[in-house]
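Engineer: Provided herewith is a single structure, encoded as structure tokens, for subsequent inquiry.
There are 2 protein chains.
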Amino acid sequence: MPSRPTTKIKQPAQKRSAKDKLLDAAVHVVRQKGYAGTSVDDLCKAAGVTKGAFFHHFESKEDLAVAAAQYWNDFTSAFFRSAPYHAHKDPLDRVLGYIDFRRQIIQGSLQDYTCLLGTMVQEAYETSPRIRQACETVISSHAAVIANDLAAAKKLHVPDATWDPQELALFTQVVMQGGFVMAKAKHGPELAESSILHLRRYIEFLFGRNPTTQ
Amino acid sequence: MPSRPTTKIKQPAQKRSAKDKLLDAAVHVVRQKGYAGTSVDDLCKAAGVTKGAFFHHFESKEDLAVAAAQYWNDFTSAFFRSAPYHAHKDPLDRVLGYIDFRRQIIQGSLQDYTCLLGTMVQEAYETSPRIRQACETVISSHAAVIANDLAAAKKLHVPDATWDPQELALFTQVVMQGGFVMAKAKHGPELAESSILHLRRYIEFLFGRNPTTQ
DNA sequence: GACGACATACCGACCAGTTGGTATGTTCGG
DNA sequence: CCGAACATACCAACTGGTCGGTATGTCGTC
Chain A
4 MPSRPTTKIK
14 QPAQKRSAKD
24 KLLDAAVHVV
34 RQKGYAGTSV
44 DDLCKAAGVT
54 KGAFFHHFES
64 KEDLAVAAAQ
74 YWNDFTSAFF
84 RSAPYHAHKD
94 PLDRVLGYID
104 FRRQIIQGSL
114 QDYTCLLGTM
124 VQEAYETSPR
134 IRQACETVIS
144 SHAAVIANDL
154 AAAKKLHVPD
164 ATWDPQELAL
174 FTQVVMQGGF
184 VMAKAKHGPE
194 LAESSILHLR
204 RYIEFLFGRN
214 PTTQ
Chain B
4 MPSRPTTKIK
14 QPAQKRSAKD
24 KLLDAAVHVV
34 RQKGYAGTSV
44 DDLCKAAGVT
54 KGAFFHHFES
64 KEDLAVAAAQ
74 YWNDFTSAFF
84 RSAPYHAHKD
94 PLDRVLGYID
104 FRRQIIQGSL
114 QDYTCLLGTM
124 VQEAYETSPR
134 IRQACETVIS
144 SHAAVIANDL
154 AAAKKLHVPD
164 ATWDPQELAL
174 FTQVVMQGGF
184 VMAKAKHGPE
194 LAESSILHLR
204 RYIEFLFGRN
214 PTTQ
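Those protein sequences? They're chains A and B, same order as listed.
If you count the first sequence from 1, you need to add 3 to reach my numbering.
If you count the second sequence from 1, you need to add 3 to reach my numbering.
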């Protein structure tokens with residue numbers, strides 16, 4: 004939970020601004036009802052602000068979506084950065100730790116653990132280039148972090164393997180996003196969890212580990 | 004492309020009904036603009052029919068979505084049933100053939116190769132139980148076909164393995180759906196294709212094959 | 001008293017769905 | 001074989017409500 008990146012310092016002990024409340028509302032409501040299915044009025048109501056406040060801070064609904072993608076990036080970046088798996092010295096353990104962590108945080112209701120970016124880009128990829136671009140950028144930058152550890156792990160353990168660390172990092176995101184879609188279809192997280200376990204086993208295979216077939 | 008299941012025979016050389024034209028339009032337009040982002044007027048315009056025709060055949064927009072899921076099932080079932088990979092005698096070859104086939108048919112524009120069900124369920128899982136249910140049913144029945152071959156292949160090649168064929172079949176769909184989401188984010192099919200290759204390699208691993216790391 | 005941060009009230013466009021109608025069968029008694 | 005009764009398939013115009021967005025007012029702070 005990053006405090007808002009205020010350019011101007013100040014606001015001592017001030018309550019959350021309408022802007023932050025709207026971004027929070029977007030993160031939750033859009034994941035529940037979809038982007039097009041969420042009206043500006045819905046967001047204002049969820050945030051407890053008026054429409055005037057909305058258009059004071061955002062030029063348009065699309066503008067909010069782009070800002071929400073950035074907001075999502077700030078939040079999740081800080082969240083993953085603070086996760087315990089970073090303590091591992093072996094980069095492969097960090098990668099596997101990340102995957103285990105992703106599996107563990109699948110809890111609560113669907114609108115809480117699914118990905119805002121996957122939801123938005125699925126709807127807006129063709130109708131809003133700005134939203135598509137924002138989602139791609141955030142997803143790719145998240146994947147790049149994993150790609151770093153994967154590249155280091157590859158260099159350390161299987162330097163001669165032919166697979167590409169960046170591509171494999173993106174594949175992990177494919178499995179996550181697909182897990183979310185299927186979790187929505189099944190209305191439960193079980194399939195997403197088992198899919199992440201399959202992903203884990205695959206990566207262990209790629210590193211020559213013989214996975215414990217629990 | 005199943006001809007419409009007319010209860011009454013007749014209609015010799017009759018042109019496509021408004022109903023079929025609307026279902027076709029739904030399959031294409033919804034994949035492009037999303038479910039909530041597609042208006043009834045959009046569909047009527049794309050189908051070249053009037054709104055009266057729409058509500059003559061469908062009780063509501065939601066009703067059309069449910070029918071479109073079934074229509075999608077009829078179409079894709081026939082499509083995959085006619086695919087060449089069924090000729091293989093070894094069920095594992097059929098599974099790998101299916102995966103290769105899925106990779107090959109990723110062509111053209113995104114709205115042509117992505118999955119209608121994944122698009123709809125992502126938006127409607129919370130707001131429309133009927134649509135969610137329809138999508139789940141169709142996806143699961145498709146996965147069940149793959150699960151059959153996977154179960155046979157497991158029995159034949161690795162009877163003592165601990166993984167579950169049905170779960171693995173669903174995992175293949177997770178990768179497909181995730182590939183589509185990421186393809187939309189990247190605005191191109193490359194990542195979906197490479198992800199399907201990763202999936203292929205994983206399954207080869209599970210069957211003890213040493214995949215050619217092409 | 002100026003300005004940023006909101007609130008209130010409102011607009012035209014568009015939305016899903018309805019209505020009342022027509023054109024074209026289909027059925028079946030006589 | 002005919003024609004009244006009914007059914008199906010569709011159309012054009014319309015309705016009430018919701019949409020994204022705007023114009024203007026108010027209030028607290030520097």
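All residues carry an ideal CB built from backbone N, CA and C; glycine is no exception.
None of these values were measured; they are calculated from a predicted model.
What's the C-alpha gap between residue 60/A and residue 40/A?
Structural biologist: If I take the Cα positions, the gap works out to 21 Å.
Engineer: Closer than 7 Å, CB to CB, is residue 6/A near chain B or not?
Structural biologist: Unreliable placement is indicated for residue 6/A, whose pLDDT of 35 sits below 50; the coordinate value is still reported in the next sentence. No, because no Cβ of chain B sits closer than 7 Å to the Cβ of residue 6/A.
Engineer: Can you list, in chain order, the residues of its chain with a C-beta nearer than 6 Å to that of residue 203/B? Leave out the 5 residues immediately preceding and following it.
Structural biologist: If we look at residue 203/B and ignore the five residues flanking it on each side, its Cβ neighbours are 102.
Engineer: Within a Cβ cutoff of 6 Å, which residues of the same chain sit near residue 208/B, ignoring the five residues on either side of it in sequence?
Structural biologist: Hits under 6 Å: none found.
Engineer: Taking just the CA atoms, how far does residue 182/A sit from residue 70/B?
Structural biologist: Cα to Cα, residue 70/B sits roughly 25 Å from residue 182/A.
Engineer: Just to confirm before moving on: does the CB-CB distance between residue 46/B and residue 25/B stay below 7 Å?
Structural biologist: Closer than 7 Å, so yes.
Engineer: If residue 124/B and residue 178/A are in contact, beta carbons under 8 Å, what's the gap, nearest whole angstrom?
Structural biologist: Not confirmed; about 17 Å, so no contact.
Engineer: Count Cβ pairs between the segment 63-78 of chain A and the segment 121-135 of chain A that sit closer than 8 Å; are there 3 or more?
Structural biologist: Flag = yes, the segment 63-78 of chain A and the segment 121-135 of chain A touch.
Engineer: Could you tell me whether any Cβ in chain A is nearer than 7 Å to the Cβ of residue 12/B?
Structural biologist: Residue confidence is low: residue 12/B scores 30 on pLDDT, short of 50, so the model does not pin down where it sits. Its coordinate-derived value is still stated next. No, residue 12/B lies away from the interface with chain A (no Cβ there is under 7 Å from its Cβ).
Engineer: Can you list, in chain order, the residues of its chain whose CB lies under 8 Å from that of residue 198/A, leaving out five sequence neighbours each side?
Structural biologist: Taken in chain order, the residues that qualify are 178, 181, 182, 185.
Engineer: Can you confirm whether residue 197/B, when its beta carbon is compared against all beta carbons of chain A, has any partner nearer than 7 Å?
Structural biologist: So, interface residue.
Engineer: Considering Cα atoms alone, identify which of 192/B, 165/B, 48/B, 212/B is closest to residue 111/B.
Structural biologist: Comparing Cα positions, the closest option is 192/B.
Engineer: With distances taken between CB atoms, is the gap from residue 118/A to residue 188/B smaller than 7 Å?
Structural biologist: Against a cut-off of 7 Å, the Cβ pair of residue 188/B and residue 118/A comes out as no contact.
Engineer: Let's see if you can read the secondary structure: which residues bound the alpha helix (DSSP H) around residue 39/B?
Structural biologist: Element bounds for residue 39/B: n/a, residue is neither H nor E.
Engineer: For residue 168/B, name the three-state secondary structure that DSSP assigns.
Structural biologist: In this structure, residue 168/B counts as helix in the three-state DSSP scheme.
Engineer: In angstroms with no decimal places, state the Cα-to-Cα distance between residue 210/A and residue 50/B.
Structural biologist: Distance between the alpha carbons of residue 210/A and residue 50/B is about 52 Å.
Engineer: Should residue 212/B go down as buried or exposed, given a rule of 16 or more other Cβ atoms within 10 Å for buried?
Structural biologist: Under this definition residue 212/B is an exposed residue.
Engineer: Taking buried to mean at least 16 other C-beta atoms within 10 Å of its own C-beta, is residue 19/A buried or exposed?
Structural biologist: The residue in question, residue 19/A, is exposed, as its Cβ has fewer than 16 Cβ neighbours within 10 Å.
Engineer: Cutting at 8 Å between CB atoms, please list the residues of its own chain near residue 37/B, excluding the five before and the five after it.
Structural biologist: These residues qualify, in order along the chain: 122, 126.
Engineer: Taking a contact to mean a Cβ-Cβ separation below 7 Å, would you say residue 169/A touches residue 155/A in this structure?
Structural biologist: Contact flag unset, no.
Engineer: Using a beta-carbon distance below 7 Å, is residue 142/B in contact with chain A?
Structural biologist: So yes, residue 142/B belongs to the interface.
Engineer: Is any beta-carbon of chain A found at less than 7 Å from that of residue 174/B?
Structural biologist: Answer yes: the Cβ-Cβ gap between residue 174/B and chain A drops below 7 Å somewhere.
Engineer: What first and last residue would you give for the alpha helix (DSSP H) that runs through residue 118/B?
Structural biologist: No alpha helix (DSSP H) holds residue 118/B; DSSP gives it neither H nor E.
Engineer: Between residue 88/A and residue 78/A, is the Cβ-Cβ spacing less than 7 Å?
Structural biologist: Contact: no.
Engineer: In terms of residue numbering, what span does the alpha helix (DSSP H) encompassing residue 79/A cover?
Structural biologist: Element bounds for residue 79/A: 64-84.
Engineer: Between the C-alpha atoms of residue 160/B and residue 98/B, what's the straight-line distance to the nearest angstrom?
Structural biologist: Taking the straight line joining both Cα atoms gives about 13 Å.
Engineer: Alpha carbon to alpha carbon, what distance is there between residue 55/B and residue 75/B?
Structural biologist: Approximately 24 Å, taken between the alpha carbons.
Engineer: Rounded to a whole number of angstroms, what is the C-alpha to C-alpha distance between residue 130/B and residue 32/A?
Structural biologist: Rounded to the nearest angstrom, the two C-alpha atoms are 12 Å apart.
Engineer: Strictly under 7 Å for the Cβ-Cβ distance: is residue 35/B near chain A by that measure?
Structural biologist: By this cut-off, residue 35/B is an interface position.
Engineer: I want to see whether chain A comes within less than 7 Å of residue 229/B, judged by CB atoms only; does it?
Structural biologist: In the structure displayed, chain B extends from 4 to 217; residue 229/B sits before or after that span and is not available.
Engineer: From what residue to what residue does the alpha helix (DSSP H) around residue 91/B run?
Structural biologist: Segment: none, residue 91/B is in no alpha helix (DSSP H) and carries neither H nor E.
Engineer: Is there a Cβ from chain A that is less than 7 Å from the Cβ of residue 29/B?
Structural biologist: Closer than 7 Å: no.
Engineer: Can you say whether residue 165/B is buried or exposed, counting buried as having 16 or more other CB atoms within 10 angstroms of its CB?
Structural biologist: So residue 165/B ends up on the exposed side.
Engineer: Output, in sequence order along the chain, the residues in the segment 160-191 of chain B whose CB is closer than 9 Å to any CB in chain A.
Structural biologist: Residues passing the 9 Å Cβ filter: 164, 165, 166, 167, 170, 171, 173, 174, 176, 177, 178, 179, 180, 181, 182, 183, 184, 185, 186, 187, 188, 189, 190.
Engineer: Could you tell me which of 205/B, 73/B, 42/B sits nearest to residue 143/B, measuring between CA atoms?
Structural biologist: Taking only the C-alpha atoms, the option nearest residue 143/B is 73/B.
Engineer: Name the chain A residues that come within less than 7 Å of residue 39/B, Cβ to Cβ?
Structural biologist: Ordered by position in chain A, the residues that pass the 7 Å Cβ test against residue 39/B are 37, 39, 40.
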